[in-house]
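In our numbering, the protein residues as written are 95 to 1124.
Positions of the beta carbon are idealized from the N, C-alpha and C atoms, including for glycine.
Since the structure is predicted, the reported quantities are computational estimates derived from the model, not experimental observations.
Accompanying notes for the structure given below.
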Amino acid sequence: MNTNYKSRFSPLAITFWGVLFLGIFCASSSFADTPAYHLDISFQPTRHSMQATATISFPPGEEWQLYTGDLNIQEIILQEKGKKPFSMPMPQSNIIHMYGSRNSQQVTISYSLTVPPGAVNNRISTDGIALTDGWHPLPEQDMLFSVTATLPQGFAGISESDNLPQQLPNGVMTTSFSQPVRSIHFVAGPYQVRKENIRKGLTLSTWFFEEDTQLSREYLDAARAYVLRYEEEIGPFPYKHYAIVANRLPSGFGMPTYTLLGQMVLRLPFIKETSLGHEILHSWFGNSVDVADNSGNWCEGLTSYLADFSFAADKGEGAAHRKAALINYQNYVHTETAFPLQDFHSASHNQPMAKAIRAVGYSRAAMLFHQLRGLLGPEDFFQGLRHLISLHKGHDASWMDIQTSFEAVSDKDLKNFFSQQLTRTDIPGFKVSNTHTDDSQDYTTLFFRLHQTTEEPYSLNVPIRVTTASGEQDFIREITEKETEISITLTESPLSFTIDPEYDLFRTLAPSEYPPVWSAFLGAKNKLLIPGTEQETSSLAPFIKWAEKQGWTVVDDQSVTNQQLSENSLLFLGSGSAAFRSLFGNSTTAEDGFHLRVKNNPLNSAEVAVLLSGSSTEETRAALYKLSHYGKYSSLSFSKGRVQTKEILPKANGMMYQVENLPNGGSTTAINSFEQIITELAKNRVIYLGETHDSMADHLLQMRIVQSLKKKGLDIAIAMEMFPESSQQALDDYLKKQSDMAEATFLRASKWFEIWRYDWRLFRPIFNFCRRENIPVYGINVDRKIVSSVFSEGNTDELSEEQLKTVAPERDLSMEGYVERLSTVHGFHAESPHGKDKGIAGFVQSQAIWDESMAENIADILAQNPGKTVVVIAGSQHTRKDSGIPPRVARRIKVSQASVLNLYASNSPADPAIQADYFFLSEPLILEAKGKIGIILDPVKKEDGEEYLRISGLSHAGKAKEAGIKEKDIIATINGQPAKNMEDIGILMMDAKAGDILKMTVQRKDKDGELQEIEISVELSDMTKPPNYP
């Protein structure tokens, strides 16, 4: 709600008070020798005009100025005490200057004002009068106002006043206000006035138009509850009456003794539960106790805390409301826009960086008072507010006055608290390290190190919640340093602990707490709009036009680069663009109405991605100007401009750290036999067999499952991660019935040792079975060079057109937990030999290219072979049913699927139900180690393409040295076969065992530098280190 209290004089004002009424203002006043200001006004509603006389009495001594704005000044009469009145010359500007005199003076200004129909702030019409902006000469100092108004027949009028205005029978009304203010407001209309005395000396009233009189009872009841609530908390209501007044114009102003609500706003059902209480509270803070001119604006934050924050707490939503305030602040306030709270003055919505400014003045200030309440306790907190009111009622108050009042009632030195809250532009942030527990005593102690991320530490009382098997315990620990060792004594072992679970601190949110919401895009420094199809763009035309006025950058789908996608917050105008599909897959947006969805940008966790869709320009236009009010939401749906659904994506509450995960388990009676699981698996068209690539047990399990499925009569095809599509010809040639292709030839043709490199012996049995049973095997992966390029470059921009053709164009990187899971392993892969890491964007995209391309190839196999059951053999992270290949296949083709996992594998998940549909308990097996020579090889490739292997080192664990092998020898043959590269070595030594005798021919230079060939026999070793070697 926009609220105005009193205005500030500015001779440089461009529009008469215009800025003052665009936001909530808490202004200040001065009380020495206060002048009296009387207004005598009458109206001509059919002409939309008024005639007025302003009579102002000035005390002796000082000069005065009056700002007249667009008023039509007709005459100025000045009379000094003891002298005759005289007519002053008309001013050349819109400022009337009054020179000081030793005697008191009185000036009478006759003027008129015509309000054109459609004016924003003022209205003079046959159905109502509202004067809230520039309707009387504006002084530069607070004055004591009184009004005499001649009203149209049937009208009742109201202004700031000590008592309810007197409505005389002849259409004249009078008011007077004994609290000095700089300006007043005047409203009149054919009101139905309802009054109620809620206690002696306090009257509430509603001034509603006839068509809204049924709302009076509800508003009076609500206002009564608010007044009594605040009287109990902070003391007596500061005025004798309070009125709720309807306005024909849209408004939300709160002035001393009444609030002026637009008629449409008045009818909104939630106003009574929200904004009304806020406006009533401003009677104490902002009206009765003003903000001092030499102080920052404190009243907006205090009022927000005692009203909006408090109302949320009443409903059990206090923590959620505070979290929303932190989110709002972090979305709009960045390093370059941050400023100290003490410098917040204007609450206007219509100022540059208004969102950021209001986030400081409202969110940060409200949280200051919340933290102060936590520091002092509720009793001293409210006593401090009552102390402030008792000292400053009818006067100004500054931040220093607030500090002094709270120090007086609490007997605490609050200098450091207010200093760090008011003067700093950064906000606290935390990290945790070195977590461990000690159970050596009769109790358990939890230890961790708490780091403050700001350059200079804050002094804070940090809430910590520890969760044990029995429940939760809350603790407070004071911190003052950059690093603090925390210890907490417990009666049982902790499972987890959470920093600030109820959002009692104004702090930086961790990524796990931070939901993607619309305000994150609105507040983003780097924005990019990407159009979809022509039809999508056409229906969103009103939004696009509005966005261009905001200066947002629009880049067409053909021009946008993958790197740009990772550097900006994105707004997709429909889902038809290739850029959208490369991040979020194929999303259907053919819904009626207007829809907004916000997700994290999967390429950059600091940015968001927004999808807009509208079924027509009418739907878009109807929703457009409401969007700014829904910044806290992750998804919105409108129909004809009315909100149908709104949602905030769930995130963690507080910074939670796991100490111990209790294991899952189950009844042994629920364990099924191998045959029972096979029977269930056979009902699916796609069966995923997840593996740890070097696990013998996993590969044996795969073999047994494939054999059993075949035995059941299923027409099987196998799809393997280990081979790219480019290896398909080699697979077909090797596996076709009666093929005479040798195993070594196949391994060379499929580039096994270049692409996969794992021990072929693990895969040989299933290939032999497929050859015997004529089961086709499909390579479903992409060229490793593609994945390596994306990983090392950080984007897909360097891929050629030919490479892009082999990559699935629709890739969903936004599946729940996908980016988070990949982020945890990113550090390990950053040191990958495939290329230098360029950040998470390249890693996530390379993994998504793997998953999505394999899914697309599986979908093609299913479509081309409608009678086949496809068994997919891939790493267990690819076969995950939550975010691996299965949901990506499901997006492309509707088939039944099942995922299988061996729980005895070395990387078994804590919760297998998330990853797989079925599990086996297959005992670990050890594949017999290969025999090794005990040499280090340096592959060399000449310019002419010739390859050879040079020995660059000898291992103490092998027997190469005793066999006569030396460094710099070049391997010529092994067991009579040429050995020029690592592929040759892999094939020739595939089945070598420890103890075997290997015959080698090496080339070695003699003393004359001539190469000579030497025959050497070496016993292969299991590479067990000899004694005395570490």
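Going straight from the alpha carbon of residue i to that of residue j, what length do you get?
i        : j        : result
Pro-434  : Gly-455  : 9 Å
Asp-520  : Phe-541  : 28 Å
Gly-708  : Thr-647  : 20 Å
Gln-822  : Glu-848  : 15 Å
Phe-678  : Gln-971  : 19 Å
Ala-604  : Gly-748  : 8 Å
Asn-698  : Glu-1109 : 58 Å
Phe-637  : Glu-713  : 11 Å
Met-192  : Phe-239  : 19 Å
Met-447  : Val-427  : 9 Å
Val-901  : Thr-627  : 22 Å
Ser-345  : Ser-195  : 41 Å
Met-1117 : Lys-845  : 27 Å
Ile-955  : Thr-561  : 49 Å
Gln-235  : Asp-256  : 20 Å
Ser-710  : Phe-817  : 47 Å
Phe-863  : Leu-584  : 58 Å
Asp-315  : Gly-412  : 24 Å
Leu-322  : Leu-375  : 11 Å
Glu-892  : Pro-551  : 44 Å
Phe-861  : Lys-830  : 11 Å
Leu-665  : Arg-288  : 50 Å
Let me confirm a value: residue i is counted as buried when at least 16 other C-beta atoms fall within 10 Å, else exposed. Which label applies?
i        : result
Leu-479  : buried
Glu-367  : exposed
Asn-758  : exposed
Glu-630  : buried
Gln-752  : exposed
Gln-1106 : exposed
Tyr-285  : buried
Met-358  : exposed
Asp-532  : exposed
Leu-116  : Model confidence at Leu-116 stands at a pLDDT of 29, short of 50, so the residue's coordinates are unreliable and nothing is read from them.
Thr-351  : buried
Gln-546  : buried
Asp-408  : exposed
Ser-272  : exposed
Tyr-852  : exposed
Glu-904  : buried
Which same chain residues, not among the five before or five after residue i, have their C-beta less than 7 Å away from its C-beta?
i       : result
Ile-496 : Trp-392, Leu-482
Met-835 : Asp-827, Tyr-828
Can you find a CB in chain B that lies within less than 8 Å of the CB of residue i?
i       : result
Arg-855 : Checking the listed chains, one finds no chain B in this structure; it contains a single protein chain.
Using C-beta distances below 6 Å, list every residue in its chain close to residue i, excluding the 5 sequence neighbours before and after it, in chain order.
i       : result
Ser-926 : Low confidence applies to Ser-926: its pLDDT is 41, below 50, so where it sits in the model is not reliable enough to give any reading.
Ala-148 : Leu-133, Ile-203, His-230, Pro-231
Thr-578 : Leu-544
Ala-453 : Asn-422, Tyr-423, Tyr-426, Val-427
Less than 8 Å between C-beta atoms, sequence neighbours within five positions excluded: which residues of the same chain meet that for residue i?
i       : result
Ser-553 : Asn-510, Phe-511, Gln-514, Glu-572, Ile-573, Thr-574
Lys-417 : Tyr-597, Leu-603, Glu-607, Asn-747
Ala-984 : Gln-991
Could you check how far apart the C-beta atoms of residue i and residue j are, in whole angstroms? I think they sit under 8 Å.
i        : j       : result
Met-182  : Leu-172 : 5 Å
Ala-1004 : Ser-993 : So it is not a contact: roughly 17 Å between Cβ atoms.
Thr-353  : Glu-373 : 4 Å
Pro-259  : Trp-158 : About 28 Å separates the two Cβ atoms, so there is no contact after all.
Check whether the Cβ of residue i lies closer than 7 Å to any heavy atom of the ligand ZN, and answer yes or no.
i       : result
Asp-474 : As far as ligands go, the structure on display features none, and thus does not contain the ligand ZN.
Taking contact to mean at least 3 C-beta pairs separated by less than 8 Å, is the stretch 1075–1087 in contact with the stretch 987–1002?
no
Report yes or no: do three or more beta-carbon pairs, one from the stretch 200–219 and one from the stretch 252–264, lie closer than 8 Å?
no
Closer than 8 Å is the cut-off here; do at least three beta carbon pairs connect the stretch 509–528 with the stretch 399–419?
no
Flag this pair as touching only if the stretch 330–339 and the stretch 293–301 have three or more C-beta atom pairs under 8 Å; answer yes or no.
Short answer: they touch.
Are the stretch 710–730 and the stretch 550–569 touching, with three or more C-beta to C-beta distances below 8 Å?
no
Is the stretch 974–992 touching the stretch 1033–1050 in the sense that three or more CB pairs, one from each, lie closer than 8 Å?
no
When you compare the stretch 767–787 with the stretch 799–809, are there three or more beta-carbon pairs, one atom per stretch, that lie closer than 8 Å?
yes
Cβ contact (3+ pairs, closer than 8 Å) linking the stretch 1059–1074 and the stretch 1089–1104:
yes
The stretch 943–959 touching the stretch 862–880, judged by at least three CB pairs closer than 8 Å:
Segments in contact, yes.
Take every Cβ of the stretch 680–695, pair it with every Cβ of the stretch 639–653, and state whether three or more of those distances are shorter than 8 Å.
With fewer than three CB-CB distances shorter than 8 Å, the stretch 680–695 does not count as touching the stretch 639–653.
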